[in-house]
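Below is one structure, written out as structure tokens, with a few remarks after it.
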Amino acid sequence: MSSPPITSTSALVLIDVQNEFLSPQGNFPISDMIRPFLLNNLKTLIPRFRAGNGRIIWVQAIYANRESEPPIMAAQEKGTGIVGNNNWLISATHVFEVPCCEANTWGSNIHPELLKLAEKGDEVVFKQGYSAYWNGNHSLSDVLKEKGITDAYFCGVASGTCVLATVIDSVARGEVQVHVLPDCMGWRRENTHHEAVKRFEELGVDVVPSHQI
């Protein structure tokens, strides 16, 4: 699949580029090995995407403190794979004794190096589960439709959980052409990233290095 040129109907969807994950002081920091490369690649990509009149969508996780899985998640079998099966991923959310991206906390804020690149006209979507489509008030699906987006480029954190869940969900919905940028994704364990890329390929989406768009 050849990636189309960036236009006003293209959207860069930045998933969970928040302090909780991108800062070493976060509760769930990504690997030190990937952090500087991810930040540098995103700081290059975002201005270039704007130059093509593409839209920027910031997706922020806001997770409640849960002691047990919500019914929609509990109804699915996770499976035996490294990152969980597709149905489980799109129904999953954060359930752990250590809080993650609580509302109105430092951890839930966009990482400062990337926040500098945000502009007034950007869209912000808040999500309650792994998938960026999990928000009943104003979901990613609503934003994509409102802005007439035909092509969505997904990146962010973490490749094997929230990015993968969002991509799976997006493919199932069939609302946009799906593109993924593995070199603009962060991970805590490298094997989960490799599994995510494999799953992207199995889904038949456009897997492309960021410098090629």
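If you read the sequence shown in numbering that gives the first Met the number 0, its first letter stands for residue 0, the second for the next number, and so on.
Even for Gly, the Cβ is constructed at its ideal location relative to N, Cα and C.
Check, Outcome
"Is it the case that the Cβ atoms of H178 and V207 are separated by a distance below 9 Å?", "yes"
"Is the distance from the Cβ of L113 to the Cβ of L163 below 9 Å?", "no"
"Within 10 Å of its beta-carbon, does W105 have 16 or more other beta-carbons around it, so buried, or fewer, so exposed?", "exposed"
"By the DSSP assignment, the alpha helix (DSSP H) with R34 in it spans what residues?", "34–50"
"What are the start and end residues of the alpha helix (DSSP H) that includes F95?", "Run containing F95: none; DSSP gives neither H nor E here."
"For F153, does the three-state DSSP call read helix, strand or coil?", "strand"
"So, at 6 Å on beta carbons, what are the nonlocal neighbours of S158 in its own chain, with the 5 sequence-adjacent residues on each side left out?", "M184, W186, H192, A195"
"Quick check on this structure: which residue in H210, R188, Q211 has the alpha carbon closest to the alpha carbon of I33?", "R188"
"Determine the closest residue to P181 out of L37, P4, N108, with distance taken between C-alpha atoms.", "L37"
"Which residues share a DSSP beta bridge with H178?", "Y152, D205"
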